[in-house]
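Residues in the sequence shown are numbered from 0 upward in steps of one, following numbering that gives the first Met the number 0. The beta carbon of each residue, even a glycine, is placed where N, CA and C say it ideally should be.
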Amino acid sequence: MTEYKQLSPKLSVRPQVEPAEVGELAARGIKGIVNARPDGEEPGQPTSAELAAAASRHGIAYTHIPVAPGQATADDGERFAKALRECDGKVVGFCRTGARATGLWELAGKPE
């Protein structure tokens, strides 16, 4: 069972989302996904294109903000804040462990 960490009423973070899980996220009422992983970070990782296609099939907004560990910028934080603002509903942010997604939320000013 994947663990989610609730950061705000709108945002939770978790480790890697798989394309096959996107339907379950939609059933849970998730309206947006923010992927903080660069493509090719580790073998077997789904690509951003695969995740975007799965999100589209389920009516979920998808944003890719690829950040290498420890290298998030203020611009990345602004893009994360924008993704949250523009999504009308709950959002899941993810990376390999959830730490980068949490860092982007912090850079964004911890929006509710």
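(request) Just list the beta strand (DSSP E) runs in the segment 33-76, keeping only unbroken ones of 3 residues or longer that don't cross its boundaries, in chain order. (result) 60-63
(message) Mapping the DSSP letters down to three states, classify residue 28 as helix, strand or coil.
(response) Counted from its first residue, the sequence shown places residue 28 at position 29. If DSSP states are grouped into helix, strand and coil, residue 28 belongs with coil.
(request) Under 8 Å by Cβ, that's how I've got residue 89 and residue 29 pegged, so tell me the actual separation to the nearest angstrom. (result) Reading the sequence shown from its first residue, position 90 is the one you call residue 89. Reading the sequence shown from its first residue, position 30 is the one you call residue 29. Sure, about 5 Å apart at Cβ, within 8 Å.
(request) Indicate whether residue 107 and residue 31 have their beta-carbon atoms separated by less than 8 Å. (result) Here residue 107 corresponds to residue number 108 of the sequence shown, with the count starting at 1. Here residue 31 corresponds to residue number 32 of the sequence shown, with the count starting at 1. Against a cut-off of 8 Å, the Cβ pair of residue 31 and residue 107 comes out as no contact.
(request) Closer than 7 Å by C-beta to residue 21: which residues in its own chain qualify, once you throw out the five before and the five after it? Chain order, please. (result) Here residue 21 is taken as the residue at index 22 of the sequence shown, counted from 1. The residues are 53, 54, 57, 59.
(request) Using 10 angstroms around the beta-carbon of residue 39, count the other beta-carbons present and answer buried if the total reaches 16, otherwise exposed. (result) Translated into positions along the sequence shown, residue 39 becomes position 40. Residue 39 is exposed by the Cβ-count criterion.
(message) For residue 9, which residues in the same chain have their Cβ closer than 7 Å to its Cβ, ignoring the five residues on either side in sequence?
(response) Translated into the one-based positions of the sequence shown, residue 9 becomes position 10. Closer than 7 Å at Cβ, skipping near neighbours: 83, 89, 90, 111.
(request) Could you tell me whether the Cβ atoms of residue 36 and residue 71 are closer together than 8 Å? (result) Taking the first residue of the sequence shown as position 1, residue 36 is located at position 37. Taking the first residue of the sequence shown as position 1, residue 71 is located at position 72. Against a cut-off of 8 Å, the Cβ pair of residue 71 and residue 36 comes out as no contact.
(request) Can you tell me which of 67, 86, 43 puts its alpha carbon nearest to the alpha carbon of residue 102? (result) One-based indexing of the sequence shown puts residue 102 at position 103. Comparing Cα-Cα distances from residue 102 to each of 67, 86, 43, the minimum goes to 67.
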